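Just add 334 to the spot in the sequence shown (first one is 1) and you have my numbering.
Glycine included, every Cβ here is placed at the ideal spot set by N, Cα and C.
For clarity, every value in this text was computed on a predicted model and none was experimentally measured.
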Amino acid sequence: MDKIKITSDDLQIIALLEQMTGARVKDCIIGETNVTIVVETGDIGKAVGQGGRNAKLLEQRLKKRIKIIEYHPELLTFVTAVIAPLRVRDARVEQDIVTLYPADSQTRGALIGRGGSMLRTYENIVKRHFPVKEIKVE
335 MDKIKITSDD
345 LQIIALLEQM
355 TGARVKDCII
365 GETNVTIVVE
375 TGDIGKAVGQ
385 GGRNAKLLEQ
395 RLKKRIKIIE
405 YHPELLTFVT
415 AVIAPLRVRD
425 ARVEQDIVTL
435 YPADSQTRGA
445 LIGRGGSMLR
455 TYENIVKRHF
465 PVKEIKVE
């Protein structure tokens, strides 16, 4: 498990979302074009808002795409939340390696992304919260 490092930019976004919504934020990862926010279990509804209103407001203020994920203490449930809206027919953990089994080739491609970029992004998010070595797609 990687140690979570929160920068001052992360803290500003966390404070903004918590102030706007009352949701408890667990983590924030800022990318070039997007921001991924992990909220505590049970706070996803508050964070997203009715009809996605809070997420849309945050996107407008930050001028970046927002993905809000609900934290789960169980690894496979959290991985499922991270890859949403994509779905897999099965997911397994063996020796700290998470293996995802997509239902079709289109989902497989979306999970992996160009040059494995999406898979590495998912892996980085999960590694911040769980001691996993790798996420792979079969």
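Tell me the rounded alpha-carbon separation between residue i and residue j.
i    : j    : result
I417 : T355 : 23 Å
Q384 : I403 : 16 Å
I400 : I431 : 27 Å
What is the DSSP secondary structure of residue i, counted as helix, strand or coil?
i    : result
K398 : coil
K380 : helix
D344 : helix
A298 : Lying before the first or after the last residue shown, residue 298 is absent from the chain, which here runs from 335 to 472.
A415 : helix
A357 : coil
R462 : coil
E352 : helix
L420 : coil
Return the bridge partner residues of residue i from the DSSP annotation.
i    : result
E468 : I431
I371 : C362, I402
A425 : L434
Please classify residue i: is it buried, with 16 or more other beta-carbons within 10 angstroms of its beta-carbon, or exposed?
i    : result
L392 : buried
L434 : buried
I340 : exposed
For residue i and residue j, which I take to be in contact (beta-carbon distance under 8 Å), what is that distance rounded to the nearest angstrom?
i    : j    : result
V373 : K360 : 6 Å
D377 : C362 : The pair is not a contact, with the Cβ atoms about 14 Å apart (cut-off 8 Å).
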